[in-house]
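What follows is a set of notes on a single structure, which appears directly below.
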Amino acid sequence: MTDLQTPVIGHGRWDFTPLPTGGPCWPGGKRLAVYVALGLEDYRFGQGETEDLLPGVPPPDLVNASWRDYGNRVGAYRLIDRLQSLGISPAILLNTALYDSAPELLSVARKAGAEIIGHGISNSDSLAGLDAEHESRYLRAVAERIEREEGTPPLGWSSPWLTQTADTPELLVNNGYRYVLDLRLDDRPVRLNTRRGELLAMPYALELNDSSSIVGRGVSASEFADMIIDEFSELLLAAQEQPLVMSIVVHSFISGAPFRLRQLTRALEYITSRSSDVWLTQPRHIYAALGATR
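Per our numbering, the sequence shown starts with residue 92, numbered consecutively.
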């Protein structure tokens, strides 16, 4: 029989911390940090995991392939340009296969001052079911390719399909990653419990995410923009009590569509109109700021 006085032991990856007040401000005295994560993804045609606009198209599925490729041919360029015009340098969630399939796109991202975050080799991949040795090789291959192309290894990781194994946090630390963008357990960065060293869970939007909300739940472009504005307004208010982080996650083939880009721009213009109160930043700078205040 279960002892009702004994707490149930869960995953143990993070500790419970009550909602605090106070704490040091972000640089410039700002209370709310906002970053935009832009997914640039590559899919192996007809293999592995896939994201489809129209499910059930029989192979060869050129319909959904064309929808996804629109992101790397058109949508990504317009999104990066729009973000730049608003003073936002994105965090790129990068499938490293794009270094081979769309190198010109990476040149544009580089010029925009993007932070490159590891997001697997292909978005047809998943960490689910990998043994520790195979997973470690995979994580290392992504980091080594980014270092070779960008000159520095990535600090951050975001799993394809947000999948992990029981070993992922330790393996991320072993392979040089310092924070992960897979989780939304708080509006503050949270240190995860690992057996290997420090790994930070950077607040990552599971719903202010065009994949889960627009494709997964059928939210309209205007509704998605309203969600961003409402989240921002509430977090800006809450940040008067403690410094917080807000994230927005978009993908080149979803929010890069013209009618969605128009609505996303409306939301981002609302945020940037309050730039005196907000730190428009990237995860790497949030990480550095936390290191400076410990």
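For every residue, glycine included, the Cβ atom is placed at its ideal position computed from N, Cα and C.
- request: Determine the DSSP secondary structure at Ile345, reduced to helix, strand or coil.
  value: coil
query: For the candidate residues Ser303, Leu381, Leu359, whose alpha-carbon lies nearest to that of Glu142?
result: Ser303
query: Would Met318 pass as a contact of Ile377 if the rule is Cβ separation under 8 Å?
result: no
- request: Counting only the same chain and skipping the five closest in sequence on each side, list residues whose C-beta sits under 7 Å from that of Ala188.
  value: Asp133, Ile212, Ser213
- prompt: Contact check, Gln331 vs Arg122 under 8 Å by CB: the rounded distance?
  reply: 6 Å
message: Please classify Glu224 as buried or exposed, where buried requires at least 16 neighbouring CB atoms within 10 angstroms.
response: exposed
query: Going by C-alpha distance, which of Asn300, Asn266, Gln373, Val125 is nearest Leu253?
result: Asn300
query: Going by alpha carbons, who is nearest to Arg236 out of Ser311, Gly178, Asp191, Leu291?
result: Asp191
- prompt: According to the Cβ coordinates, are Ala124 and Ala182 closer than 8 Å?
  reply: no
Spatially closest choice to Asn155 from Arg282, Arg135, Tyr268, by CA coordinates: Arg135
field: Collapsed DSSP secondary structure at Tyr270 in the structure displayed
entry: strand
task: Give every residue of the same chain whose Cβ lies closer than 8 Å to the Cβ of Gly139, excluding the five residues on either side of it in the sequence, and list them in chain order.
output: Ser213, Ser215, Asp216, Ser217
message: Suppose you measure from the CA of Arg353 to the CA of Glu195; what does that come to, to the nearest Å?
response: 24 Å
query: How big is the Cα-Cα spacing for Pro118 and Gly178?
result: 17 Å
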